[in-house]
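One structure is given here, and the rest of the page talks about it.
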Amino acid sequence: MDILVCVKRVPMVGGRIVLTAGGQDVDTRMSGFTVSPHEECAVEEAVQITERAGGAVTVLTLGPPEAADQLRDMLALGAHRGVLLETDGREWGPVATAAAIAKAVGELGAAAFPLILVGNEAADTGGYQVGIRVAHALGRPCVTGIKRLDVAGDMLRAWREYGGGEEEFEVALPAVVGVKEGINLPRYPSLPGRLRAKRAETAVLKPAWQADGLRKVALRVPAGSAQRARVLGHGTEAVPELMRVLGEIGVLSPAGVAGGDGAMT
Amino acid sequence: MSPTVLCLVELEHGEVAVASQRALAVARSLVEAPSSGGTLAAVVFGASGALADGVAADLTRHGATELCLASAGGLTGYAPAAWARTLEQLAAARTAAAVVAAATDHGSEVLAHLGAMTGLPVAANCVSAAATGHGTWQLVRHRWAGSLLEEAILEAPCALLTVAADASQADAGPADAALGDATAGEAEAGDAVPGEAGALGSTPSGAGPGIDAAPGLPVVAFTPELDAADLRVRATESAGQGGGMSLATARVVIGGGRGVGGPEGFAALEELAGLLGGVVGVSRVVTSQGWRPHRQQVGQTGTKISPDLYLACGISGAIQHLAGCQSAKHIVAVNTDPDAPIMSRAEYAVIGDLNEVIPALVAAIRQAVGRG
Numbered sequence: 000m001d002i003l004v005c006v007k008r009v010p011m012v013g014g015r016i017v018l019t020a021g022g023q024d025v026d027t028r029m030s031g032f033t034v035s036p037h038e039e040c041a042v043e044e045a046v047q048i049t050e051r052a053g054g055a056v057t058v059l060t061l062g063p064p065e066a067a068d069q070l071r072d073m074l075a076l077g078a079h080r081g082v083l084l085e086t087d088g089r090e091w092g093p094v095a096t097a098a099a100i101a102k103a104v105g106e107l108g109a110a111a112f113p114l115i116l117v118g119n120e121a122a123d124t125g126g127y128q129v130g131i132r133v134a135h136a137l138g139r140p141c142v143t144g145i146k147r148l149d150v151a152g153d154m155l156r157a158w159r160e161y162g163g164g165e166e167e168f169e170v171a172l173p174a175v176v177g178v179k180e181g182i183n184l185p186r187y188p189s190l191p192g193r194l195r196a197k198r199a200e201t202a203v204l205k206p207a208w209q210a211d212g213l214r215k216v217a218l219r220v221p222a223g224s225a226q227r228a229r230v231l232g233h234g235t236e237a238v239p240e241l242m243r244v245l246g247e248i249g250v251l252s253p254a255g256v257a258g259g260d261g262a263m264t
Numbered sequence: 000m001s002p003t004v005l006c007l008v009e010l011e012h013g014e015v016a017v018a019s020q021r022a023l024a025v026a027r028s029l030v031e032a033p034s035s036g037g038t039l040a041a042v043v044f045g046a047s048g049a050l051a052d053g054v055a056a057d058l059t060r061h062g063a064t065e066l067c068l069a070s071a072g073g074l075t076g077y078a079p080a081a082w083a084r085t086l087e088q089l090a091a092a093r094t095a096a097a098v099v100a101a102a103t104d105h106g107s108e109v110l111a112h113l114g115a116m117t118g119l120p121v122a123a124n125c126v127s128a129a130a131t132g133h134g135t136w137q138l139v140r141h142r143w144a145g146s147l148l149e150e151a152i153l154e155a156p157c158a159l160l161t162v163a164a165d166a167s168q169a170d171a172g173p174a175d176a177a178l179g180d181a182t183a184g185e186a187e188a189g190d191a192v193p194g195e196a197g198a199l200g201s202t203p204s205g206a207g208p209g210i211d212a213a214p215g216l217p218v219v220a221f222t223p224e225l226d227a228a229d230l231r232v233r234a235t236e237s238a239g240q241g242g243g244m245s246l247a248t249a250r251v252v253i254g255g256g257r258g259v260g261g262p263e264g265f266a267a268l269e270e271l272a273g274l275l276g277g278v279v280g281v282s283r284v285v286t287s288q289g290w291r292p293h294r295q296q297v298g299q300t301g302t303k304i305s306p307d308l309y310l311a312c313g314i315s316g317a318i319q320h321l322a323g324c325q326s327a328k329h330i331v332a333v334n335t336d337p338d339a340p341i342m343s344r345a346e347y348a349v350i351g352d353l354n355e356v357i358p359a360l361v362a363a364i365r366q367a368v369g370r371g
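Here you go:
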């Protein structure tokens, strides 16, 4: 089965997010880029399915010319082809992004991809909607939040965590599935994978930017995220002070303390 | 004209889910901001018989002025597109100014379907919203799962918003203090239901059985017209594995990161968690190394926690991780690096090797228990 996976280039933020002057964007001068974690798992899932059942994995991204780097990263994980919907670097909203993806799928041959996988939500915008909008544009059913997937014939069963239990869905292909990290453990790119990625073909399409009805004014760092922890001490010498703090917080006398019965307070 | 705002309300154990309470608070701010006398209709899916006595009172307390019970033949259980179709028809029938839902799996999914059906934008993970007139809204919403805030303008004939489930009050910012009085309610509404609100099947007294228990909250039934495509995706629920405490709801979480050093290093953290009646949570590094299963991962792409104590051991505090523990009441970090990013989120810190500090802490707790 041929599978399309949509990924998004996002800054690799690591430990601190620094904003550009004016607060319009995350400052990426000192950081690299990556794809959102859910999406890396989507690519791994697609590769595993094609390893079992045959077919090819196409990875698509909408982004600046540099987003070709992320396509190559995904090709190195085992995807076969790349499609870049090249932009001029402006931020695209979910409505326009989904429309561009659906249009591209139509041009690539909608029937070519019985299964389209997306990450459940992007790390930066967290919109939770591009996959669903693509599904509607293509007239397909869509399930999201998926942590377990079983594709057999032209049906798929999918599970997600819900309220301490699970929700199970069964839908007919063609379909769109939003997956979450945890569905698998993505492999590391192999050397042959990297070499193959260099040679793999990448198609480039240039969709036109559209306004989305939702406009960013500015970004800011939430108040209170620049406090300093009070140091209780160093090494094991800090344990008595740590005990005092845990007592203050009130966690030293739960039922969980074997035979404790509130003895700690 | 007085606006009508619809708010999708999810129930949890027969009560209004906490995330939906936040959604109601933001929805209410949209009703009250431009003029008084607007309608805040709480939309609840499922049979009315399943509604606990306390729900109507609970809804009133959170600002709802109407309860809309949506049901249709074939619509039992969760069906995202069908729920969205229902909201679409309801919003059209009532000329709704906005449709709001909690940014839960269900709420986010349903509003995305609604956005796709109507072609309208959806502003996800809002912490506050204010109508500024002429189909324009001023929003503050999460980016990077709350590590950043975005001020945004939404222009749409009907505002579709999801409300961040873990939005803190301080995040609300200049646009509105919507969440500030989220829990302040009309006392008389709360008083209307005697006994324990939300106890399923509890004996109603005074005001009568079921949803009539809260006087003054009109109940409207709505039956959407659904087609086969709307019902293609339907959930079958199954219980969890049972047993074991949930990471999301644990009162104490002992976190382990790269500093734990390997899979065998978690024994001491498990022991400490057991002593404090808590569970172990881990960072993304730990799961991507395969040291621990993903269901123990705390973070943006793992589980979001809100314990009384989060003891973060050997965790540097990547943005991805902090997004999952920002709702913890108290964070204590144990780390060899006094400049690790976690230090800017933790309240207290022990500078040192967790593989020495944690066993010593376990011994101290055991000794204290023995003495007691």
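Going down the list, the sequences are from chains A and B.
For the first sequence, numbering that gives the first Met the number 0 begins at 0 and goes up steadily by one.
For the second sequence, numbering that gives the first Met the number 0 begins at 0 and goes up steadily by one.
We put the CB at the ideal spot given by N, CA and C, even for glycine.
Not flagged as an interface residue toward chain A: B/Ile-253, since no C-beta distance is shorter than 8 Å.
Residue environment for B/Val-281: buried (at least 16 other C-beta atoms within 10 angstroms of its C-beta). The beta-carbon separation of A/Lys-146 and A/Lys-179, rounded to 5 Å, stays under the 8 Å limit for a contact. The secondary-structure analysis by DSSP pairs B/Asn-334 across a beta bridge with B/Ile-350. A/Glu-166 and A/Glu-160 have their C-alpha atoms some 6 Å from each other. Per the coordinates, the alpha-carbon of B/Asn-354 lies some 25 Å from the alpha-carbon of B/Ser-245.
Between A/Arg-229 and chain B, the shortest Cβ-Cβ separation is below 8 Å. No residue range can be given for A/Ala-20, since it is assigned to no beta strand (DSSP E) and is classified by DSSP as neither H nor E. For A/Arg-219, there is no enclosing alpha helix (DSSP H); the enclosing beta strand (DSSP E) has its first and last residue at 213-219.
Where A/Phe-168 is concerned, the enclosing beta strand (DSSP E) starts and stops at 164-171. Of the candidates A/Ile-248, A/Met-242, A/Glu-247, A/Met-242 places its Cα closest to the Cα of B/Val-361. Within its own chain, the residues whose Cβ lies closer than 7 Å to the Cβ of B/Ser-19, once the five positions on either side in sequence are excluded, are Val-8, Glu-9, Ala-101, listed in chain order. The C-alpha of B/Val-331 is placed about 40 Å away from the C-alpha of A/Gly-62. The residues Cys-6, Val-8, Leu-58, Ala-63, Leu-66, in chain order, have a CB closer than 6 Å to that of B/Ala-41 in the same chain once the five nearest residues on each side in sequence are set aside.
Taking a Cβ-Cβ threshold of 7 Å, the residues of chain B close to A/Lys-215 are Glu-149, Ala-151, in chain order.
Taking the C-beta atoms as reference points, B/Cys-312 is found nearer than 8 Å to B/Gly-258. The shortest CA-to-CA distance from A/Pro-140 to any of A/Glu-169, A/Pro-64, A/Arg-28 is the one to A/Glu-169. Non-local C-beta neighbours of B/Ala-78 in its own chain, meaning closer than 8 Å and more than five positions away in sequence, comprise Asp-229, Leu-230, Val-232, Arg-233, Ala-234, ordered along the chain. Considering only beta carbons, the part of the segment 105-137 of chain A lying closer than 7 Å to chain B consists of Ala-122, Asp-123, Thr-124, Gly-125, Gly-126, Tyr-127, Gln-128, Ile-131, Arg-132, His-135, in chain order. The Cβ atoms of B/Phe-265 and B/Val-279 lie closer than 8 Å to each other. Around the beta-carbon of A/Arg-229, fewer than 16 other beta-carbon atoms lie within 10 Å, marking it exposed. If you draw a straight line from the Cα of B/Leu-74 to the Cα of B/Leu-39, it is about 24 Å long. The beta carbon of A/Gly-126 lies closer than 7 Å to those of Pro-93, Glu-120 in the same chain, with the five residues before and after it left out. Listed by position along chain A, the residues whose Cβ is nearer than 8 Å to that of B/Ala-359 are Thr-235, Val-238. Secondary structure remark: continuous beta strand (DSSP E) runs of at least 3 residues inside the segment 64-150 of chain B, in chain order: 65-69, 97-101, 121-132, 135-142.
Ranked by Cα distance from B/Asp-336, the options B/Cys-324, B/Gly-254, B/Gly-351 are led by B/Gly-351.
Below the 9 Å Cβ cutoff, chain B contributes Ala-80, Ala-228, Arg-231, Val-232 as neighbours of A/Pro-140, in chain order. Contact annotation, B/Cys-125 with B/Val-25: C-beta distance approximately 6 Å; criterion of less than 8 Å satisfied. Assigned with DSSP and collapsed to three states, B/Gln-296 falls in strand.
In this model, B/Glu-236 and B/Val-30 are separated by some 35 Å (Cα to Cα).
Of A/Gln-47, A/Gly-232, A/His-79, the smallest CA-CA separation from A/Asn-183 is found for A/Gln-47. Put simply, the CB of A/Ile-16 is near chain B, with a gap under 8 Å to one of its CB atoms. For A/Asp-149, the enclosing beta strand (DSSP E) begins and ends at 147-151. Legend: CB atoms of the segment 119-134 of chain B lying less than 8 Å from CB atoms of chain A belong to residues Leu-119, Pro-120, Val-121, Ala-122, Ala-123, Asn-124. The closest CA to that of B/Leu-310, considering only B/Gln-137, B/Ala-16, B/Glu-269, B/Pro-292, is found on B/Glu-269. With a threshold of 16 other beta carbon atoms within 10 Å, B/Gly-36 falls short and is exposed.
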